[in-house]
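Worksheet: one structure, shown below.
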Amino acid sequence: MISTDYTNNNRVKRKIYGIIGAAITLIIPFFLMLNNHNDHLETDQSFCPFKMVTGFPCPGCGITKSLVYFYQGDIYKSVSYHILGPFVIIFCWLTIIILTTEIITKKEYFTGLLYNRKLAYNMAYFLAFYHLIRLVLFVRNNSFDDILHQSIWF
Numbered sequence: 110m111i112s113t114d115y116t117n118n119n120r121v122k123r124k125i126y127g128i129i130g131a132a133i134t135l136i137i138p139f140f141l142m143l144n145n146h147n148d149h150l151e152t153d154q155s156f157c158p159f160k161m162v163t164g165f166p167c168p169g170c171g172i173t174k175s176l177v178y179f180y181q182g183d184i185y186k187s188v189s190y191h192i193l194g195p196f197v198i199i200f201c202w203l204t205i206i207i208l209t210t211e212i213i214t215k216k217e218y219f220t221g222l223l224y225n226r227k228l229a230y231n232m233a234y235f236l237a238f239y240h241l242i243r244l245v246l247f248v249r250n251n252s253f254d255d256i257l258h259q260s261i262w263f
């Protein structure tokens with residue numbers, strides 16, 4: 110009986126952490142949007158450690174800016190920074206709603222979908238393909254000096 114209670118408490122803790130993570134993912138870009146005077150996010154140095162070291166974007170680069178511009182209502186600019194930005198917003202809201210509902214009702218919903226290995230692999234393949242396209246376009250549109258300027262080394 111004790112191990113069942115322990116397992117249930119761990120599940121509830123993980124759900125609470127999931128809710129907190131989704132909320133933080135939604136809140137930080139919102140505050141960045143409020144402080145985006147003169148569109149400074151367009152020209153500021155990226156906070157991505159990978160991009161700061163290499164000058165090249167990582168697979169997640171641009172999602173925060175995508176969320177900021179989505180909040181500002183500029184869907185085109187949002188998708189141009191990262192195609193998955195608007196989907197991150199939808200996913201975070203669904204996560205908050207579903208996990209809160211699971212905590213309240215003490216039932217599991219969408220477990221088969223969320224822990225689906227085939228879906229995870231397909232999403233990973235999509236992200237890898239999308240990132241490869243972004244890298245090719247990035248190298249095509251930027252000179253070596255531009256790439257160095259986007260890192261911390263120059």
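Going by my numbering, the first residue of the sequence shown is number 110, and it counts up by one from there.
Glycine residues also receive a C-beta, built at the ideal position from the N, C-alpha and C atoms.
Beta carbon proximity, residue i to chain D, threshold 9 Å
{"i": "MET142", "result": "You won't find chain D in this structure, because it holds only one protein chain."}
Check whether residue i and residue j have beta carbons under 9 Å apart
{"i": "LEU273", "j": "ILE198", "result": "Residue 273 is absent from the structure shown; the chain starts at 110 and stops at 263."}
{"i": "GLN181", "j": "ASN145", "result": "yes"}
Selection from the options that minimises the alpha carbon distance to residue i
{"i": "ASN73", "options": "LEU228, GLY171, LYS215, LEU141", "result": "Residue 73 falls outside the range modelled here, since the chain spans only 110 to 263, and no answer is possible."}
{"i": "PHE253", "options": "PHE165, HIS149, ILE125", "result": "PHE165"}
{"i": "HIS149", "options": "ILE213, VAL177, LEU257, ILE128", "result": "VAL177"}
{"i": "LEU241", "options": "CYS167, PRO158, LEU203, LEU208", "result": "CYS167"}
Rounded distance between the beta-carbons of residue j and residue i, thought under 8 Å
{"i": "CYS170", "j": "SER189", "result": "Not really, about 13 Å apart at Cβ, beyond 8 Å."}
{"i": "ILE205", "j": "ILE133", "result": "That belief does not hold up - the Cβ atoms of ILE205 and ILE133 are roughly 11 Å apart, past 8 Å."}
{"i": "LYS124", "j": "ILE212", "result": "6 Å"}
{"i": "PHE179", "j": "SER187", "result": "4 Å"}
Own chain partners of residue i with C-beta closer than 7 Å, once the 5 adjacent residues on each side are dropped
{"i": "ALA237", "result": "none"}
{"i": "THR163", "result": "SER260"}
{"i": "LEU172", "result": "Note on identity: in this sequence residue 172 is Ile, with Leu being the wrong assignment. Result list for ILE172: HIS191, LEU193, GLY194, VAL197, in chain order."}
{"i": "ARG243", "result": "PRO166"}
{"i": "PRO138", "result": "THR173, LEU176, VAL177, TYR180"}
Residues of its chain near residue i, where Cβ-Cβ distance is below 6 Å and the 5 sequence neighbours each way are ignored
{"i": "ASN251", "result": "none"}
{"i": "ILE261", "result": "MET161"}
Own chain partners of residue i with C-beta closer than 8 Å, once the 5 adjacent residues on each side are dropped
{"i": "PHE219", "result": "ILE207"}
{"i": "LYS227", "result": "none"}
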